[in-house]
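One structure is given here, and the rest of the page talks about it.
Residue numbers (our numbering): 40 to 271.
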């Protein structure tokens, strides 16, 4: 299990790309698409559709940096702070029923004879098929990215509670795998909502290397602001 609270995780020198597309319901066109670029220990989360915000993860330097292309500002948060805040959020929940609703103690189940995994809590269920990359380092690097991105979303109060999904990805990473197609179903009193994401692993193209160089320029040029002042 990948647990960053008790270890200083660092990414490897692998260079690869994970293209993530998110769909709502049965829609054929994605509402969101991201190129997750892994380049010698750094991870660049670059949106393709809504292009405003870029996130750079630097596990070796224990830093995550958010960039806003509209206002040309940036902010940074240490991974140690992300870990501490997540731990405090866990410790603050003492009621067992509340823990269940947040997915803190939810168990990952194997489905379809071990070819897929699921985790369910409150009115949410994640289900994913998986893929095994050429190198186990790719799965490990992607797992570090997901863990830090989940903690960042918790700090910024974006999206649903991350604990259940973090447990799911920890299970996948322990098997040396990545998600292939991940589905989130949120059950309501009258109808359910469903979100589906696909994940494709590939090589970093020349155009994406150019984007990495552009982002490095943003890191040099953009004005630094406090996290609380960074736009959402």
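Don't be surprised by glycine CBs; every beta carbon is placed ideally from N, CA and C.
Beyond the five residues adjoining it in sequence on each side, residue 237 comes within less than 6 Å, by CB distance, of 60, 220 in the same chain, given in chain order. Taken atom to atom, the span from the alpha-carbon of residue 222 to that of residue 129 is near 25 Å.
Classified as exposed, residue 259 has fewer than 16 neighbouring CB atoms from the shown chains inside 10 Å of its CB.
Sixteen is the threshold: since fewer than 16 other Cβ atoms of the shown chains lie within 10 Å of the Cβ of residue 232, the residue is exposed. If you look at residue 191, you'll find it isn't in any beta strand (DSSP E); it sits in the alpha helix (DSSP H) that goes 175-195.
Counting along the chain, the unbroken alpha helix (DSSP H) around residue 250 starts and ends at 245-260. DSSP places residue 99 outside both helix and strand once states are collapsed to three, so it counts as coil. Counting every other CB atom within 10 Å of its CB across the protein chains shown gives residue 270 a total below 16, marking it as exposed. When C-beta atoms of the region 180-199 are compared with those of the region 110-130, three or more pairs fall below 8 Å, so the two segments count as touching. By the Cβ neighbour-count rule, residue 76 is buried, with 16 or more other Cβ atoms within 10 Å of its own. Here the region 197-204 makes no contact with the region 67-86; the two share fewer than three CB pairs at distances below 8 Å.
Less than 7 Å divides the Cβ of residue 212 from the Cβ of residue 182. Within the same chain, Cβ atoms closer than 7 Å to the Cβ of residue 147 are found at 156, 158, 206, 207, 210, the five residues on either side in sequence being excluded.
Remark: three or more beta-carbon pairs, one from each stretch, lie closer than 8 Å, so the region 249-265 and the region 94-109 are flagged as touching. Nearest neighbour of residue 72 by Cα position, chosen from 227, 86, 173, turns out to be 86. DSSP places residue 163 within a strand segment (E or B) once states are collapsed to three. Between residue 114 and residue 266 a beta carbon distance of about 5 Å is seen, short of the 8 Å cut, so the two are scored as contacting. Assigned with DSSP and collapsed to three states, residue 84 falls in strand. Going by DSSP, residue 76 is part of the beta strand (DSSP E) stretching over 71-78.
The beta carbon of residue 262 sits closer than 6 Å to those of 112, all from its chain and outside the five residues before and after it, given in chain order.
Within the model, the alpha-carbon separation for residue 141 versus residue 225 is close to 13 Å.
The closest CA to that of residue 100, considering only 215, 152, 93, 51, is found on 51. Taking C-beta atoms as the reference points, residue 88 and residue 243 fail to come closer than 7 Å. Restricting attention to 264, 57, 204, the CA atom closest to the CA of residue 163 is found in 204.
Cβ-Cβ separation between residue 171 and residue 241: approximately 15 Å, too far for a contact (criterion under 8 Å).
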